[in-house]
Amino acid sequence: MSRIEETAARASADEPTAVACPACREAEARSAFAKDGYALRRCRACGFLFVSPYPSEAELAAYYNDSARAPTANFFNKAVSRRRRAWVRSLKFLPYVVGRSVLDIGCGGGFMAGAFARLGARASGLDIGSGAIAYARRHFPRCTFYCEPFADFRGRGLRFDFVFSSELLEHLPGPDGFLETLAAVTKPGGHVYVSAPDAGHPAVPADVSRWSDVIPPEHLQFFNRGNAELAFARYGFRLVKAYRKRTPALSLIFRRDARP
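1390 is the number of the first residue of the sequence shown in our numbering; add one for each residue after it.
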């Protein structure tokens, strides 16, 4: 049994009936269901859904770096279409990136960072996947890439005008490390874009265990717009734009307050 499987197998029977919610901090997160060997809790106060206990960051890093799907310096799956889609997507962020310092957290192979650089941004990327970062450095030399945990990156003292993070939040073992990093690296008055599955969307099945996005250990936590606003506000971010989506996906832009 792997370390991540051992984490999944840890019994939750001896845990309290309700625990503090990682999103709203109310002690209303109660057992909801189990899937693929993982126990999930849902907060009765804000609706936050999450795997409990979370796997550790080290366990997840080992999982992704040892995966047969891991990219290499010379190969990234569907690279041509990823590059094309990144360019098209980058255009809607023009006001935030042209001539600005930009960071993509969870940058994968560097496709969005590369697109932002083409728009005139000073673009950087952060990821824990060593193969993905090797690919990014090889194919997007105009950008700067970092392969390290959040805590190490925060210690660099770097600050950015715009931070982009797409389809990362659901993969993390809790929101706080990510939000601490955003607060540390986003300049006062700067903006953050985040996309993630939306557990509050009308298209989510009534039996949420049947939702296709609930796939632990890859997806570990699920926000809705309300509890995302609560969690981000705790770290000094104010929601300024929410894109409407037909599918269950959050697409949000936050502004970093000058005085969090």
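We treat Cβ as the ideally placed atom computed from N, Cα and C, and that holds for glycine.
What residues in its chain sit with their C-beta under 6 Å from that of residue i, if we drop five residues either side in the sequence?
i	result
Y1624	L1568 and A1572
F1539	G1566 and T1570
P1649	Bear in mind that a pLDDT of 46 at P1649, under 50, signals an unreliable position, so the model cannot answer this.
A1504	A1475, W1476 and S1479
F1621	F1643
With distances taken Cα to Cα, identify the nearest neighbour of residue i among the options.
i	options	result
R1419	G1426, G1563, D1587 and R1430	R1430
V1603	I1517, A1423 and R1507	A1423
G1348	E1537, K1481, A1468 and R1473	Residue 1348 falls outside the range modelled here, since the chain spans only 1390 to 1649, and no answer is possible.
A1506	L1438, H1528 and D1516	H1528
G1589	A1451, F1464, Q1610 and A1450	Q1610
G1426	A1416, S1470, V1440 and R1472	V1440
G1546	Y1524, H1560, A1525 and T1575	T1575
Just to check my reading of the structure: residue i and residue j have Cβ atoms closer than 8 Å, yes? What is that Cβ distance to the nearest angstrom?
i	j	result
D1513	L1492	Rather than Asp, the amino acid found at residue 1513 in this sequence is Ser. So it is a contact: roughly 5 Å between Cβ atoms.
S1555	S1598	That pair is no contact at about 25 Å.
P1562	L1449	6 Å
Using 10 angstroms around the beta-carbon of residue i, count the other beta-carbons present and answer buried if the total reaches 16, otherwise exposed.
i	result
V1477	exposed
N1616	buried
P1530	exposed
A1502	buried
S1601	exposed
D1596	exposed
A1402	Bear in mind that the predicted position of A1402 carries a pLDDT of just 43, short of 50, making it unreliable; the figure below should be weighed with that in mind. Its Cβ having fewer than 16 others within 10 Å, A1402 is exposed.
Y1632	exposed
Which same chain residues, not among the five before or five after residue i, have their C-beta less than 8 Å away from its C-beta?
i	result
H1580	Y1485, D1550, F1551, V1552, V1629, I1642, F1643, R1644 and R1645
For residue i, which residues in the same chain have their Cβ closer than 7 Å to its Cβ, ignoring the five residues on either side in sequence?
i	result
L1557	I1494 and G1495
A1462	A1523, Y1524 and R1527
Note to self: Restricting to runs no shorter than 3 residues, where is the beta strand (DSSP E) found entirely within the segment 1449-1529?
What the structure shows: 1490-1494 and 1511-1516
Checklist line | Complete beta strand (DSSP E) runs within the segment 1562-1609 (minimum length 3 residues, chain order) | finding: 1575-1586
Checklist line | Ordered list of alpha helix (DSSP H) runs contained in the segment 1526-1562, each at least 4 residues | finding: 1539-1543
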